[in-house]
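Scroll down for the structure; my scribbles are underneath it.
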């Protein structure tokens, strides 16, 4: 390739500028020479581009590989344009500059928008925002998934239990008088006897605070657990505080 | 809350207390109106702030809203401060930001293709400044990360939404290409 250099002072002005990349440099050259971006005189631009690279070389600056890729692209386009093309191909042949032009046009738009951004930032950096208040976290209670119907049912159940216990004075007295003696062993026996019938038992039917003391119910519960442990029954409870069912396991012997 | 002026006062109070941007969802929940109505009220407020003698203004940032001072009063507000100057971005950063703004969601490879240079550092800086964020991954080999702009981007550059970006007419390239003389 022949190096056709222009006066050196031209290089000096270019050298001072720091380019973001090969497109940036190319774009600068186009602007400087007031070239129509859609009709780039590729020979001139290539020469000027190469000049810049040589200048960089002379100054011992490291040339990024991207610049070299662009240089080879430019030289490739230049050679394509210089070589006479065959006539048959002429009609369908594309302008070898097309790809470069598309890139440059897009790059130009981006550069223009970058300038708009800079200008807008100047205005909007003059604006001030207030820091958020440290608002108390629990300003609102957590919303529970409940309905008035549920509340009503709850209340009814609660009151029913209360009245039952209140009205049950006689049994209460009886219980106190009985001076109950509760033993786990007896309870297990009792429960096993009931299970022998082979039907499902409801815990609340057998052991209920309405008829017996707390300790008796608790012992009954322990008895049920013991029996389950012994493998003579299975205990089910569908939901928390729901009914407890005791199903006997019947072993057929022999 | 039926009275419009009462609603506007509520919104003003909420936005002031929040300081930060508040979503349209939240605001409409607070005043008990649907989103469309709330957006209408807010854009009305935006105009009122703009056209009356107020030191503050209402900004729309995507689907969020935030109060801030008007830019023209900066010189007075500056008396309060200690003269700190926000550090600007590099030329490269503006370019990458411009590409991401128009092409989002966009991969790093695409950004570099447009700029013709490696953009790792710039992307890292923009991520750090919260001007861009990862929006997901592109289907395809390597599943590269996709980048988009943030609310902070709208805030810093004075846009109310991405629709607010100036039209760049990316499509006119093809039209002009047909007129390129072949020599």
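Residue numbers (my numbering), protein chains in the order written: chain A, 12 to 265; chain B, 1082 to 1264.
Positions of the beta carbon are idealized from the N, C-alpha and C atoms, including for glycine.
{"Check": "Exposure of residue 167 (chain A), with buried meaning 16 or more beta-carbon neighbours within 10 Å", "Outcome": "exposed"}
{"Check": "At least three beta-carbon pairs within less than 8 Å, the stretch 1088-1106 of chain B to the stretch 136-150 of chain A", "Outcome": "yes"}
{"Check": "Residue 1239 (chain B): first and last residue of the uninterrupted alpha helix (DSSP H) it sits in", "Outcome": "Here residue 1239 (chain B) belongs to no alpha helix (DSSP H), and DSSP marks it neither H nor E."}
{"Check": "Residue 1084 (chain B) at chain A interface by Cβ criterion, 8 Å", "Outcome": "no"}
{"Check": "Closest Cα partner of residue 1122 (chain B) within the set B:1182, B:1214, B:1088", "Outcome": "B:1088"}
{"Check": "Inter-residue spacing [alpha-carbon to alpha-carbon] between residue 253 (chain A) and residue 1208 (chain B)", "Outcome": "55 Å"}
{"Check": "Contact belief for residue 1136 (chain B) with residue 1151 (chain B) at Cβ below 8 Å, rounded distance in angstroms", "Outcome": "6 Å"}
{"Check": "Length at least 4, wholly inside the stretch 25-71 of chain A: the alpha helix (DSSP H) runs in chain order", "Outcome": "33-43, 53-69"}
{"Check": "Sequence-distant residues of its chain with Cβ nearer than 6 Å to residue 1225 (chain B) (five each side left out)", "Outcome": "1188, 1219"}
{"Check": "Rounded separation between residue 1186 (chain B) and residue 58 (chain A) - CA only", "Outcome": "38 Å"}
{"Check": "Backbone secondary structure at residue 255 (chain A) - three-state DSSP", "Outcome": "strand"}
{"Check": "Secondary structure of residue 1161 (chain B), DSSP reduced to three states", "Outcome": "helix"}
{"Check": "Alpha-carbon to alpha-carbon, residue 1179 (chain B) and residue 61 (chain A)", "Outcome": "29 Å"}
{"Check": "Closer than 7 Å at the beta carbon, the chain B residues around residue 121 (chain A)", "Outcome": "1176, 1179, 1180, 1195"}
{"Check": "The stretch 71-81 of chain A touching the stretch 1197-1204 of chain B, judged by at least three CB pairs closer than 8 Å", "Outcome": "yes"}
{"Check": "Cβ neighbour criterion (16 or more within 10 Å) applied to residue 241 (chain A)", "Outcome": "exposed"}
{"Check": "Local Cβ density within 10 Å of residue 1131 (chain B), reported as buried at 16 or more and exposed below that", "Outcome": "exposed"}
{"Check": "For residue 1174 (chain B) and residue 1206 (chain B), believed in contact at Cβ under 8 Å, the rounded distance", "Outcome": "6 Å"}
{"Check": "Residue nearest to residue 1110 (chain B) in terms of C-alpha spacing, selected from B:1092, B:1192, B:1193", "Outcome": "B:1092"}
{"Check": "Distance, residue 89 (chain A) Cα to residue 1192 (chain B) Cα", "Outcome": "27 Å"}
{"Check": "Anticipated Cβ contact below 8 Å, residue 259 (chain A) with residue 206 (chain A), distance rounded", "Outcome": "4 Å"}
{"Check": "Backbone CA spacing between residue 51 (chain A) and residue 121 (chain A) [nearest angstrom]", "Outcome": "19 Å"}
{"Check": "Spatial distance of residue 1143 (chain B) from residue 1169 (chain B) (CA atoms)", "Outcome": "23 Å"}
{"Check": "Straight-line gap, residue 224 (chain A) to residue 1114 (chain B) (C-alpha atoms, nearest Å)", "Outcome": "57 Å"}
{"Check": "Residue span of the beta strand (DSSP E) that contains residue 244 (chain A), given as start and end", "Outcome": "244-248"}
{"Check": "Given residue 235 (chain A) as reference, the closest of A:227, A:43, A:246 once Cα atoms are compared", "Outcome": "A:246"}
{"Check": "Sub-8 Å separation of residue 125 (chain A) and residue 1176 (chain B) beta-carbons", "Outcome": "yes"}
{"Check": "beta-carbon residue 168 (chain A) near the ligand ZN non-hydrogen atom, thresh 7 Å", "Outcome": "The ligand ZN is absent from the structure shown, which contains no ligand whatsoever."}
{"Check": "Interface flag, residue 1186 (chain B) vs chain A, CB-CB below 8 Å", "Outcome": "no"}
{"Check": "Residue-chain proximity (residue 1230 (chain B), chain A), Cβ-Cβ < 8 Å", "Outcome": "no"}
{"Check": "Outcome for residue 67 (chain A) when other beta-carbon atoms lying within 10 angstroms are tallied against a minimum of 16", "Outcome": "buried"}
{"Check": "7 Å Cβ cut-off: residues of chain A touching residue 1149 (chain B)", "Outcome": "138, 139, 140"}
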